[in-house]
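Numbering-wise, full-length UniProt numbering puts 97 at position 97 of the sequence shown, and it's gapless, one number per residue. Virtual Cβ for every residue (Gly too), placed ideally from N, Cα, C.
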Amino acid sequence: MSTDTPTSRRSFFTNLGRGTAAAVGVGIVVAACSSGNEGSTTSAPALTPTTGAKGLATTTSTRAPQDATTTSTEVPPPVDEMAAVVWERANLGFVSAYVLARAGEAVIIDTGVAGSEGSIGDSLAAISLGWDDVSHVILTHRHNDHQGSLPAVIRLAANAAAYAGAADVPAIDSPRSVTPVGDGDSVFGLKIIHTPGHTPGHIAVLDPVGGLLVAGDSMNGSNGGVIGANPQFSPDMPAANASVKKLAQLTFGTVLFGHGEPIEAGASTLVVALAATL
Numbered sequence: 001m002s003t004d005t006p007t008s009r010r011s012f013f014t015n016l017g018r019g020t021a022a023a024v025g026v027g028i029v030v031a032a033c034s035s036g037n038e039g040s041t042t043s044a045p046a047l048t049p050t051t052g053a054k055g056l057a058t059t060t061s062t063r064a065p066q067d068a069t070t071t072s073t074e075v076p077p078p079v080d081e082m083a084a085v086v087w088e089r090a091n092l093g094f095v096s097a098y099v100l101a102r103a104g105e106a107v108i109i110d111t112g113v114a115g116s117e118g119s120i121g122d123s124l125a126a127i128s129l130g131w132d133d134v135s136h137v138i139l140t141h142r143h144n145d146h147q148g149s150l151p152a153v154i155r156l157a158a159n160a161a162a163y164a165g166a167a168d169v170p171a172i173d174s175p176r177s178v179t180p181v182g183d184g185d186s187v188f189g190l191k192i193i194h195t196p197g198h199t200p201g202h203i204a205v206l207d208p209v210g211g212l213l214v215a216g217d218s219m220n221g222s223n224g225g226v227i228g229a230n231p232q233f234s235p236d237m238p239a240a241n242a243s244v245k246k247l248a249q250l251t252f253g254t255v256l257f258g259h260g261e262p263i264e265a266g267a268s269t270l271v272v273a274l275a276a277t278l
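See the structure below:
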């Protein structure tokens, strides 16, 4: 929720959906979340596309990350030995959660508002998985439309560990401990990218094999394109814009948003174009 404005998030997104004028006028206004604090940014490694499953570009790192601030939470197999994740969207109305799966194991990224666990369970079932197959739950940030169902999800996914950006962890309600992660960390072979601005601990998540980026609210989808963080709910817009420029250094075919429709082809090209306007 936002403490900065009496405008409700749901009415904001409803008004946004009635036309594109607001997005054009501001340049980066999007459906997003609530307020947070400032954060710093770092650059991310460039990635180069190769051949991917289901038509997605895959990626391999051309250099080691130079800006990692924390130790990796795991040591995954080499990228070329891993399969691309498959993904399923839990469309919760004005916000989305996602299930990413590989080799019969699932990761949930964001949990929506309270009461969203049923829809997330349906998304697991759509790829023939259940709660016992969930090994990780990753929150892109602390806002209630992204962490709202975490207590229920964690209880259902009894084997799962939870993760969030270090600066956001203190504001997250969870029946089990939430592991702080930072730039350059790896969870389930997914790369954590610190993207502050919308909140201080905001993170994006990259599958470097399948060329898939989960952007959270660092960027948003609008009318088939991509726009930046919503200034109404992002208290540090210089950091938010820097985070978009950081993501523009990566190569990915697909981007999944907290708000807005996923882009499943040519996504990084659109992000590069957006970054050039900021």
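Closer than 6 Å by C-beta to I192: which residues in its own chain qualify, once you throw out the five before and the five after it? Chain order, please. Closer than 6 Å at Cβ, skipping near neighbours: V181, D185 and I203.
Say whether the stretch 115-127 touches the stretch 242-253, bearing in mind that this needs 3 or more beta-carbon pairs closer than 8 Å, one atom from each stretch. The stretch 115-127 is not in contact with the stretch 242-253.
Please report the straight-line C-alpha distance between A90 and T251, rounded to a whole angstrom. A90 and T251 have their C-alpha atoms some 25 Å from each other.
Apart from the five residues on each side of it in sequence, which residues of its chain come closer than 6 Å, Cβ to Cβ, to L100? In chain order, V85, W87 and V107 place their CB closer than 6 Å to the CB of L100, counting only its own chain and leaving out the 5 sequence neighbours on each side.
In the DSSP assignment, the beta strand (DSSP E) including T251 goes from what residue to what residue? Here T251 belongs to no beta strand (DSSP E), and DSSP marks it neither H nor E.
Secondary structure at L274, three-state DSSP: helix, strand or coil? In the three-state DSSP reduction, L274 falls in the helix class (H, G or I).
Endpoints, the beta strand (DSSP E) within which V214 is located: Looking at the DSSP string, the run of the beta strand (DSSP E) that includes V214 is L212 to G216.
Endpoints, beta strand (DSSP E) assigned at A90: Its beta strand (DSSP E) spans residues V86 to N91.
Drop a sphere of 10 angstroms on the beta-carbon of T277, count the other beta-carbons inside from all chains shown, and report buried for 16 or more, exposed for fewer. Exposed is the call here.
If I measure Cβ to Cβ from W131 and keep anything under 8 Å in the same chain, skipping five residues before and after, which residues do I get? The answer, listed in chain order, is G121, L124, L156, A157 and A158.
Look at the Cβ atom of V272, then the Cβ atom of A215, and state whether they are nearer than 9 Å. Going by C-beta atoms, V272 is not nearer than 9 Å to A215.
Exposure label - G266; buried when at least 16 CB within 10 Å: Around the C-beta of G266, fewer than 16 other C-beta atoms lie within 10 Å, and the residue is accordingly described as exposed.
Contact set for A83: own chain, Cβ-Cβ below 6 Å, skip 5 residues either direction: Answer for A83: R102, listed in chain order.
Tell me which residue opens and which closes the alpha helix (DSSP H) that V102 is part of. Here residue 102 turns out to be Arg, not Val, going by the sequence shown. Annotation: R102 is outside any alpha helix (DSSP H); the continuous beta strand (DSSP E) that includes it extends over S96 to R102.
From what residue to what residue does the alpha helix (DSSP H) around G228 run? That residue, G228, is in no alpha helix (DSSP H); its beta strand (DSSP E) goes G225 to G228.
Tell me V107's beta-bridge partners as DSSP assigns them. Note: V107 is bridge-paired with L100 and H136 in the DSSP secondary-structure output.
Inter-residue Cα distance where the pair is A190 and G210: According to the sequence provided, residue 190 is Leu. The question's Ala does not apply to it. Going by the C-alpha atoms only, they are around 10 Å apart.
Distance between A171 and D207 (C-alpha atoms, nearest Å): Answer to the nearest angstrom: the Cα atoms are 26 Å apart.
Quick one: what does DSSP say I120 is sitting in, helix, strand or coil? Helix at I120.
Just tell me which of R176, L212, M219 and S174 has its CA closest to the CA of P196. Comparing Cα-Cα distances from P196 to each of R176, L212, M219 and S174, the minimum goes to M219.
Could you check the C-alpha separation between S135 and D217 for me, to the nearest Å? Looking at the backbone, the Cα of S135 and that of D217 are separated by about 23 Å.
Start-to-end residues for the beta strand (DSSP E) that takes in D207: Its beta strand (DSSP E) spans residues I203 to D207.
Best match in S222, T199 and N223 for proximity to A239 [C-alpha to C-alpha]: Between A239 and the set S222, T199 and N223, the nearest pair of CA atoms involves T199.
Have a look at D183 and N223 and give me their C-alpha separation to the nearest angstrom. Approximately 30 Å between the Cα atoms of the pair.
Nearest CA to the CA of Y98: which residue from A162, A229 and L139? Relative to Y98, the option among A162, A229 and L139 whose CA is nearest is L139.
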